[in-house]
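Engineer: Just passing along the structure, written as structure tokens.
Protein chains: 2
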Amino acid sequence: MLPIAMTDRQRPKDILHGEEEIVAVLAPLAAGAPGAFGLEDDCALLAPEPGCELVLKTDPVAEGVHFLPTDAPADIAWKALAVNVSDLAAKGATPIGYLMALSFPEAPTRAWLTAFAAGLEAAQTAFGCHLLGGDTDRRPGPRTISITVIGSVPSGQMVRRGTVREDCSLLVSGSIGDATLGLALAKDPALAAAWGLSPEETDYLLGRYRRPQPRLSLAPALRRHAVAAMDLSDGLVKDAGRMLRGAGLSGRLEAAAVPLSAAARKVLAREPQRLARLLTGGDDYEILAATTVDQRDVLCAAAAAAGVPMTEVGMSGSSPWPADGGTGLGIDGPDGQPLAVGPTGWDHF
Amino acid sequence: MLPIAMTDRQRPKDILHGEEEIVAVLAPLAAGAPGAFGLEDDCALLAPEPGCELVLKTDPVAEGVHFLPTDAPADIAWKALAVNVSDLAAKGATPIGYLMALSFPEAPTRAWLTAFAAGLEAAQTAFGCHLLGGDTDRRPGPRTISITVIGSVPSGQMVRRGTVREDCSLLVSGSIGDATLGLALAKDPALAAAWGLSPEETDYLLGRYRRPQPRLSLAPALRRHAVAAMDLSDGLVKDAGRMLRGAGLSGRLEAAAVPLSAAARKVLAREPQRLARLLTGGDDYEILAATTVDQRDVLCAAAAAAGVPMTEVGMSGSSPWPADGGTGLGIDGPDGQPLAVGPTGWDHF
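Chains as they are written, first to last, in this note's numbering: chain A, 83 to 431; chain B, 83 to 431.
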């Protein structure tokens, strides 16, 4: 075990002393979950509802990799939970609770952790779930928030990813590419002027990067009308390719059909070459769904009724995904010509 | 997002290229779990058995904090899963599956990850669970394995920690202090000679540090006969204090009653002052249980029948845990005098 180098005497008053002080700040987040035992047991207890199955996902986020050191603690917290809940939404599931392991190179200040807990409180209230348990440790390296989320789905109704079939309609929710523009703005605020964005448009794009909205309202419609679905975290092109390749199918995307926000369209009007980046940039946390063609309009209507539009952006094909390592996902550019997008999305290794 | 600095050209052949190659090495670990979908979906599906509740725990381990850089990858894997499963055993639960997030500062070699997967395979076979899903990312800092384990317990029978009552018997499973001696030996192999240990005794202590054995066979006996239980990860003194303080009760431990292995007794014969370290050293992954006095012998008999002895080491008292910040846990030394053990166990912050 590593020695703790900093003595109490060296610590400013605002630094939290000991794991128990950290737990005390987080305990209110567990108040609504009886099986969390106020974070005072070693494990959490979860009583699944009859007729339901559980959907589970773990997706840690780390400073400098998934969020910026300059991001506000409340935004970091929101995003850490949202990226996990987003997966549940795509599976047609409803969030129940989450476990959270925090790793910090130094003990957090009370101010930082309190702001972090406030962001988490806002997120869990919006998503309808509670903190069930977790762990804290100190280690070198970036601050890390490792969340495992648990959701519930009616038995047999989880929406899979690899079940896309031939000649399905591919649809996405909301708009694509906002978060990658938001990230660019967070790193270089001068871009707002270069792109001619209003303060409202700038805030909108930053918000799309910092506070992704898992599309939970779409879950019932996906369960009823989708053949397959996934959330978009690593870029539309990479994720759509992943869905198709998992089923051994080729497919096509039509770039001009991809829904863009007014702010993104404004950026694109100045820098048309940024289109490829919007399609590959990642962090969208929208949903990619496949439906049979005869269910497409039904799904779109149900999505609109749920308050989140879905738009057809392509089709799965009937030819197989190529075995030679090439891509089976063609992209038609706005000019009708094939669009080359370069590196297709995020890979850590 | 951080750029990936290393190009394919610079990578030796043995380095795994891309998240998909990493997943391919791990996929056999998920073969026995239908809801893992071969690690090819974004989420895992778990169908709880009727009449059961789920017990959940997350406890990440990081290089340099929870394991040594020199530890073998198979041992690292075993321990990463064992420390989580150990909590389930103490709650009276049976493991079902786990999610695992891997973080590495550089892509692992195929040899490293294959050995790691072999250790995990051995552990999950021993513990009766399967890999359900997970995540991999690259980030600076120590190699980290973040496991969330899910177990099953008959409804209403999870053994809590804070439910210890006045005048309960406190018992521990197996033997205490071996792992802290094993860690000392792993860091300084010359200690084996200084302590007069045989190669078998040395290997035994190293094994207790590297390959903790969650006491799953005790789960049914704990459900039936324990008032409260927890696993011992941060040292007997700290963990017993935690259990008692959570219930607002004082208590006593009798050092001479604490069960020690033959190897630990040999060390202690040479270095009697090491006793305090054995009681506070942590990484035991034994079980601390509280029973009513009339159930003590029944629990001990059931534990013996399950192949893991349990030994009475103290009692909860009837006076409250002191409110002044002092300890409510007294320790009677082997000489009958109060034993001062110094810093009482591991705290990250």
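All residues carry an ideal CB built from backbone N, CA and C; glycine is no exception.
In the DSSP assignment, find the unbroken alpha helix (DSSP H) run with A/R293 in it and report its ends.
Structural biologist: That residue, A/R293, is in no alpha helix (DSSP H); it is neither H nor E in DSSP.
Engineer: Which residues, in chain order, does the stretch 221-232 of chain A contribute to contact with chain B at a C-beta distance below 7 angstroms?
Structural biologist: R221, P222, G223, P224, S228, T230
Engineer: Determine, using beta-carbon pairs with one atom in the stretch 129-137 of chain A and one in the stretch 139-149 of chain B, whether at least three such pairs fall under 8 angstroms.
Structural biologist: no
Engineer: Taking the straight line between their C-alpha atoms, what separation do you get for B/Q419 and B/R220?
Structural biologist: The C-alpha of B/R220 is placed about 53 angstroms away from the C-alpha of B/Q419.
Engineer: At which residues does the beta strand (DSSP E) containing A/F186 begin and terminate?
Structural biologist: 176-186
Engineer: So, is B/G278 buried or exposed, given that buried needs 16 or more other C-beta atoms within 10 angstroms?
Structural biologist: exposed
Engineer: When you check each C-beta in the stretch 334-346 of chain B against every C-beta of chain A, which residues fall closer than 8 angstroms?
Structural biologist: none
Engineer: Kindly indicate the opening and closing residues of the beta strand (DSSP E) around B/L252.
Structural biologist: 251-255
Engineer: Whole-angstrom Cβ separation of A/P224 and B/P187, contact assumed at under 8 angstroms?
Structural biologist: In fact, because the Cβ distance is near 10 angstroms, the residues do not count as touching under 8 angstroms.
Engineer: Chain A partners of B/P271, CB-CB under 7 angstroms?
Structural biologist: Those within 7 angstroms of B/P271 in chain A number zero; the least Cβ separation is about 18 angstroms.
Engineer: For the beta strand (DSSP E) containing B/I369, list its first residue and its last residue.
Structural biologist: That run of the beta strand (DSSP E) goes 369-373.
Engineer: So, at 6 angstroms on beta carbons, what are the nonlocal neighbours of B/I158 in its own chain, with the 5 sequence-adjacent residues on each side left out?
Structural biologist: F149
Engineer: Can you tell me whether B/A355 is buried or exposed, with buried defined as 16 or more other CB within 10 angstroms of its CB?
Structural biologist: Note that residue 355 of chain B is Gln in the sequence shown, not Ala. It counts as exposed.
Engineer: Quick check: what's the CA-CA separation for A/A371 versus B/A310?
Structural biologist: 47 angstroms
Engineer: Under 8 angstroms Cβ-Cβ, which residues of chain A neighbour B/P142?
Structural biologist: A183, S185, D217, D219, S228
Engineer: Taking C-alpha atoms, which residue in B/F119, B/L273, B/T373, B/V319 lies nearest to B/H212?
Structural biologist: Closest option to B/H212, Cα to Cα, is B/F119.
Engineer: Going along chain B, which residues have a C-beta under 8 angstroms from A/K320?
Structural biologist: By Cβ distance, chain B contributes nothing, its closest Cβ being about 11 angstroms from A/K320, past 8 angstroms.
Engineer: Flag this pair as yes or no: are the beta carbons of B/R243 and A/D153 separated by less than 7 angstroms?
Structural biologist: no
Engineer: Relative to the alpha-carbon of B/D316, which residue among B/T362, B/A115, B/A387, B/L300 has its alpha-carbon at the smallest distance?
Structural biologist: B/T362
Engineer: At 8 angstroms on the CB atoms, spell out the chain B contacts of A/H99, in chain order.
Structural biologist: Listed along chain B are F431, each with a C-beta nearer than 8 angstroms to that of A/H99.
Engineer: May I have the straight-line CA-CA distance separating A/S280 from A/P271, to the nearest angstrom?
Structural biologist: 12 angstroms
Engineer: Answer with buried or exposed for A/K320, where buried requires no fewer than 16 other C-beta atoms within 10 angstroms of its C-beta.
Structural biologist: In the assembly as shown, A/K320 is a buried residue. Its beta-carbon has 16 or more other beta-carbons within 10 Å.
Engineer: Mind pulling the chain A residues with CB within less than 7 angstroms of B/M312?
Structural biologist: Those are D124, listed as they occur along chain A.
Engineer: Grab the span of the beta strand (DSSP E) containing B/K139 for me, first residue to last.
Structural biologist: For B/K139, the enclosing beta strand (DSSP E) stretches over residues 134-140.
Engineer: Under 9 angstroms Cβ-Cβ, which residues of chain C neighbour B/F119?
Structural biologist: As a matter of chain content, chain C is missing from the structure shown, whose protein chains are A and B.
Engineer: Near B/A171, what residues of its chain come up, given a Cβ to Cβ distance below 7 angstroms and the 5 sequence neighbours on each side ignored?
Structural biologist: P296, R297, L298, L300, A301, D313, I369
Engineer: Can you list the residues of chain A that B/K173 reaches, using a CB-CB cut of under 9 angstroms?
Structural biologist: Neighbours of B/K173 on chain A, chain order: D123, D124, C125, L127.
Engineer: How would you call B/V375, buried or exposed, if buried means at least 16 neighbouring beta carbons within 10 angstroms?
Structural biologist: exposed
Engineer: Looking at the structure shown, is A/G408 part of a helix, part of a strand, or coil, going by DSSP?
Structural biologist: Of the three classes helix, strand and coil, the one that applies to A/G408 here is coil, per DSSP.
Engineer: Entirely within the stretch 288-361 of chain B and at least 4 residues each: give me those alpha helix (DSSP H) ranges in chain order.
Structural biologist: 301-307, 318-328, 344-352
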